[in-house]
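The sequence shown begins at 1 in full-length UniProt numbering and counts up one residue at a time.
We put the CB at the ideal spot given by N, CA and C, even for glycine.
Being a predicted model, the structure only gives us computed values, none of them experimental.
A short worksheet on the structure shown next.
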Amino acid sequence: MDFSAALELLRDGRRMARRSWIQPGKYVYLEPESACVSPDGRSRRLAAHLRFVTADGTVQAGVQPSHAGLLADDWYDVDADTGPAGDGD
1 MDFSAALELL
11 RDGRRMARRS
21 WIQPGKYVYL
31 EPESACVSPD
41 GRSRRLAAHL
51 RFVTADGTVQ
61 AGVQPSHAGL
71 LADDWYDVDA
81 DTGPAGDGD
């Protein structure tokens, strides 16, 4: 599927990955808006953003898909039965 379809699923709380990612276990998800405390002790709004989970489980906040990722049509739903080698989308 393309990124626009993947984005709709991300907004629904799904985890998305690309078939071209070589290492298994990588995916992105949408972290919803929340509150956080800044260094000055004030409560701040933390805007919704994409997070990337690496193959070793590290979470990277605030990632942006590359131009290639935005134009790719190899996105898939990690939680569906169409894994990296699947052809279900």
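(request) Using only alpha-carbon positions, find the residue among Arg51, Leu71, Arg42 that is nearest to Val63. (result) Of the listed residues, the one whose Cα sits closest to Val63 is Arg51.
(request) Enumerate, from N- to C-terminal direction, the unbroken alpha helix (DSSP H) stretches of 4 or more residues contained entirely within the UniProt domain "Thoeris anti-defense 2-like" (1-77). (result) For secondary structure counted as the alpha helix (DSSP H) over 4 or more consecutive residues, the UniProt domain "Thoeris anti-defense 2-like" (1-77) holds these complete runs in sequence order: 3-11, 67-71.
(message) Assuming the contact rule is C-beta atoms closer than 8 Å, Gly25 and Ala55 should be a hit. Round their C-beta distance to whole Å, please.
(response) Between Gly25 and Ala55 a beta carbon distance of about 4 Å is seen, short of the 8 Å cut, so the two are scored as contacting.
(request) Enumerate in chain order the residues of its own chain whose CB-to-CB distance from Ala6 is below 6 Å, with the five nearest sequence positions on each side excluded. (result) Correct list, in chain order: Met16, Trp75.
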